[in-house]
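A short write-up of the structure that comes next.
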Amino acid sequence: MHKAQWLLLLSATILMACSDQPVVASAAPSPAELAKPPVSQVVTVRLDIEVGPQGEVLSARLAAGQADTLFAKAALMRVKQQQFPLRTEQQQPVSYWLLDHAVTAGSAQTLATGNN
Amino acid sequence: MKKLLSTLGIASALLLPLTSQAGVIRHDRDMQEHINMAAQSQFDAVGRLLFSTSAGNWICSGTLISSSFVLTAAHCLDDVTTSNVTFQVGGLLYSGAQWLVHESWDGADLFAGNDLAILKLMGNVGNVTPASIYQGNNEVGAIGTHVGFGASGTGLNGATLPPGTKRAGNNRMDVVDSTFLTGYSHDRIIWTDFDAPTGTLPSQGTDLVPDSGFLEDPLAFFGFTSGGALDLEYSIAGGDSGGGFFLNENNQWYLAGVHSFGAGVDASGPNASYGDFSGSTRVSSFTNWISGAQNRLSVSAPGTLALLAMSLLLLPLRRRVRG
Numbered sequence: 021m022h023k024a025q026w027l028l029l030l031s032a033t034i035l036m037a038c039s040d041q042p043v044v045a046s047a048a049p050s051p052a053e054l055a056k057p058p059v060s061q062v063v064t065v066r067l068d069i070e071v072g073p074q075g076e077v078l079s080a081r082l083a084a085g086q087a088d089t090l091f092a093k094a095a096l097m098r099v100k101q102q103q104f105p106l107r108t109e110q111q112q113p114v115s116y117w118l119l120d121h122a123v124t125a126g127s128a129q130t131l132a133t134g135n136n
Numbered sequence: 013m014k015k016l017l018s019t020l021g022i023a024s025a026l027l028l029p030l031t032s033q034a035g036v037i038r039h040d041r042d043m044q045e046h047i048n049m050a051a052q053s054q055f056d057a058v059g060r061l062l063f064s065t066s067a068g069n070w071i072c073s074g075t076l077i078s079s080s081f082v083l084t085a086a087h088c089l090d091d092v093t094t095s096n097v098t099f100q101v102g103g104l105l106y107s108g109a110q111w112l113v114h115e116s117w118d119g120a121d122l123f124a125g126n127d128l129a130i131l132k133l134m135g136n137v138g139n140v141t142p143a144s145i146y147q148g149n150n151e152v153g154a155i156g157t158h159v160g161f162g163a164s165g166t167g168l169n170g171a172t173l174p175p176g177t178k179r180a181g182n183n184r185m186d187v188v189d190s191t192f193l194t195g196y197s198h199d200r201i202i203w204t205d206f207d208a209p210t211g212t213l214p215s216q217g218t219d220l221v222p223d224s225g226f227l228e229d230p231l232a233f234f235g236f237t238s239g240g241a242l243d244l245e246y247s248i249a250g251g252d253s254g255g256g257f258f259l260n261e262n263n264q265w266y267l268a269g270v271h272s273f274g275a276g277v278d279a280s281g282p283n284a285s286y287g288d289f290s291g292s293t294r295v296s297s298f299t300n301w302i303s304g305a306q307n308r309l310s311v312s313a314p315g316t317l318a319l320l321a322m323s324l325l326l327l328p329l330r331r332r333v334r335g
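As they're listed, the protein sequences go chains A and B. If you read the first sequence in the working numbering, its first letter stands for residue 21, the second for the next number, and so on. If you read the second sequence in the working numbering, its first letter stands for residue 13, the second for the next number, and so on.
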């Protein structure tokens, strides 16, 4: 091949690689390339929870180091509606503290959705 | 060019039928009011964004901001397998040519407030007036209008019906300061809550927070100034991503937000039921990026750079052959 032709071919190859032209996939994507689902973000907050003899929440407060944020307040609100395992001492139900306990305060999710 | 994704497409303009469905609204309001609101001319620039990934076909929304550029959410266009992007507006369907996802969008952190992308269309839209970008800072307290193609339902049970119909509704722009979230300090998200009308009982719905006061003004429960349910109170839902959150200032309509996510603290999660929250990317925080992105996409039209560069490279070769 003539030198000029080689130069032309080389130039064209480099330019194709650098241009904004799309690359058309010739094969189906592998499982690793599958699209991710809509983005979800779960917010957890750590609480100190006083659990009563019947498993009910007697009181709850933010654990040390937890900022008093919207989701922290939501976690405090939600945890008061929850039931926890019973504990007994000498076969008698007792109250106890769960310290630095992670509680789901809420979640967020993007709003793209399927159109199949 | 990591974030600049391109796709081949054939410019097309097809007449599409319009369908009619519902949306996530107050349970004591007629959906037709929201469909009528969405049909007002100031919201003509909001269109339906359809695309495919290796996981299936998807729907988002978007807003035309110039004759050939659409502002939408980053998470709608950030997948490497995205293809067949089309935008329907003004009764016509346009193929997506290229798009640019905001460089700070990491695909995971919704609360960081960078969920923004720009789509360049193949061809110009001639029959729709583009939306004006809001550049002020008076969002908080303004009554905004959400416009999109999201899923349907009422606040009692959230989004339960499929998306696809253009609809609109109002919500107060409550908060932009994200410092109420641990670890965040920015003002790039417009937060709203979905207020239930006075007298709504938690038992009327599914998995609502069991507190009527909370449902009627969720953000007030957390100490924010918010306000009760508006006449056409509305929450965004699946399919509304990328849609427009508009405000009216001095009798001029502006695009102030781009729908990004829903959030919830009840047992049903972010399903757009009463008491849920939503976040829209605050457009006024990104005016420079938006104009810059349009410039980048205008310059980098497919093949243009390559043809120009090839011409320049071949020029000396041509001279040498002649000599």
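Backbone N, C-alpha and C fix where the C-beta goes; we use that ideal spot for every residue, glycine too.
DSSP beta-bridge partners of residue i
i: Asn182 (chain B); result: B:Thr157 and B:Glu245
i: Pro113 (chain A); result: A:Thr108
i: Gly257 (chain B); result: Reading the sequence as shown, one finds Phe at residue 257 (chain B) and not Gly. DSSP, once it has assigned bridges, lists B:His158 and B:Gly269 as partnering Phe257 (chain B).
i: Arg81 (chain A); result: A:Asp68
i: Lys100 (chain A); result: According to DSSP, which records beta bridges pairwise, Lys100 (chain A) is partnered with nothing at all.
i: Phe65 (chain B); result: Sequence check: residue 65 (chain B) is Thr here, not Phe. Partner(s): B:Gly68.
i: Val187 (chain B); result: B:Trp203
i: Ala86 (chain B); result: Partner(s): none; Ala86 (chain B) has no beta bridge.
Residues near residue i in its chain [Cβ-Cβ closer than 8 Å; skip 5 each side]
i: Ala92 (chain A); result: Val65, Leu82, Gln86 and Ala125
i: Val59 (chain A); result: Gln129 and Thr130
i: Leu78 (chain A); result: Glu70, Val71, Gly72 and Ser115
Straight-line Cα distance separating residue j from residue i
i: Asp252 (chain B); j: Leu76 (chain B); result: 15 Å
i: Asp205 (chain B); j: Gln110 (chain A); result: 49 Å
i: Asp278 (chain B); j: Gln101 (chain A); result: 11 Å
i: Trp117 (chain B); j: Asp243 (chain B); result: 35 Å
i: Gln264 (chain B); j: Ala154 (chain B); result: 13 Å
i: His271 (chain B); j: Cys88 (chain B); result: 11 Å
i: Pro51 (chain A); j: Phe63 (chain B); result: Note that Pro51 (chain A) scores a pLDDT of 33, beneath 50, so its modelled location is shaky and nothing firm can be said.
i: Phe192 (chain B); j: Phe234 (chain B); result: 10 Å
i: Glu228 (chain B); j: Ala109 (chain B); result: 44 Å
i: Thr65 (chain B); j: Thr93 (chain B); result: 5 Å
i: Arg38 (chain B); j: Ala208 (chain B); result: 7 Å
i: Leu54 (chain A); j: Gly75 (chain A); result: Caution is warranted here: a pLDDT of 35 is assigned to Leu54 (chain A), below 50, making its placement in the model unreliable, and no coordinate value can be reported.
i: Asp40 (chain B); j: Ser53 (chain B); result: 26 Å
i: Asp56 (chain B); j: Gly125 (chain B); result: 26 Å
i: Ala122 (chain A); j: Phe289 (chain B); result: 22 Å
i: Thr89 (chain A); j: Ala86 (chain B); result: 27 Å
i: Arg200 (chain B); j: Ile145 (chain B); result: 15 Å
i: Tyr196 (chain B); j: Ala232 (chain B); result: 20 Å
i: Ala47 (chain A); j: Gly225 (chain B); result: Note that Ala47 (chain A) scores a pLDDT of 33, beneath 50, so its modelled location is shaky; the value from the coordinates is reported in the next line. C-alpha separation (whole angstroms): 56 Å.
i: Ala163 (chain B); j: Tyr246 (chain B); result: 12 Å
i: Asp120 (chain A); j: Arg107 (chain A); result: 18 Å
i: Val36 (chain B); j: Pro113 (chain A); result: 46 Å
Option in the options with minimal Cα separation from residue i
i: His114 (chain B); options: B:Leu122, B:Ala124 and B:Leu128; result: B:Leu128
i: Gln129 (chain A); options: B:Ala275, B:Ala163, B:Phe298 and B:Ala208; result: B:Ala275
i: Gly156 (chain B); options: B:Phe273, B:Ser107, B:Ser78 and B:Ile248; result: B:Ile248
i: Phe298 (chain B); options: B:Gly211, B:Asp223, B:Thr210 and B:Ile202; result: B:Ile202
i: Ala180 (chain B); options: B:Arg60, B:His158 and B:Gly162; result: B:His158
i: Val311 (chain B); options: B:Leu213, B:Tyr146 and B:Leu112; result: B:Leu112
i: Ile47 (chain B); options: B:Gly165, B:Gly119, B:Ser53 and B:Thr177; result: B:Thr177
i: Gly102 (chain B); options: B:Ala124, B:Thr166 and B:Leu61; result: B:Leu61
i: Ser292 (chain B); options: B:Gln306, B:Gly281 and B:Gly269; result: B:Gly269
i: Ala67 (chain B); options: B:Phe226, B:Asp91 and B:Thr237; result: B:Asp91
i: Phe258 (chain B); options: B:Asn182, B:Gly165 and B:Pro222; result: B:Asn182
i: Asp186 (chain B); options: B:Gly250, B:Met134, B:Glu151 and B:Trp301; result: B:Glu151
i: Leu309 (chain B); options: B:Thr237, B:Asp189 and B:Leu133; result: B:Leu133
Residues near residue i by beta carbon distance below 7 Å, same chain, minus five either side
i: Asn169 (chain B); result: Gly217, Thr218 and Ser285
i: Ser127 (chain A); result: Ser60, Gln61, Val62 and Val63
i: Ala132 (chain A); result: Pro58
i: Asn283 (chain B); result: Gly170, Ala171 and Gly276
i: Ala143 (chain B); result: Ala57, Thr75, Leu76, Ile77, Gly256 and Leu267
Own chain, CB closer than 6 Å to residue i, minus 5 neighbours either side, in chain order
i: Val82 (chain B); result: Gly74, Leu76, Phe99 and Leu131
i: Asn136 (chain B); result: Ser79 and Ser80
Which of helix, strand or coil DSSP assigns to residue i
i: Ser285 (chain B); result: coil
i: Gln44 (chain B); result: helix
i: Thr194 (chain B); result: coil
i: Arg38 (chain B); result: coil
i: Thr299 (chain B); result: helix
i: Leu90 (chain A); result: helix
i: Val59 (chain A); result: coil
i: Gln54 (chain B); result: helix
i: Leu213 (chain B); result: coil
i: Asn96 (chain B); result: strand
i: Ala109 (chain B); result: strand
i: Phe236 (chain B); result: coil
i: Val123 (chain A); result: strand
i: Ser116 (chain B); result: coil
i: Gly304 (chain B); result: helix
Near the ligand MN: residue i beta-carbon under 6 Å from a heavy atom
i: Gly276 (chain B); result: Looking at this structure, you won't find the ligand MN or any other ligand, since it has none at all.
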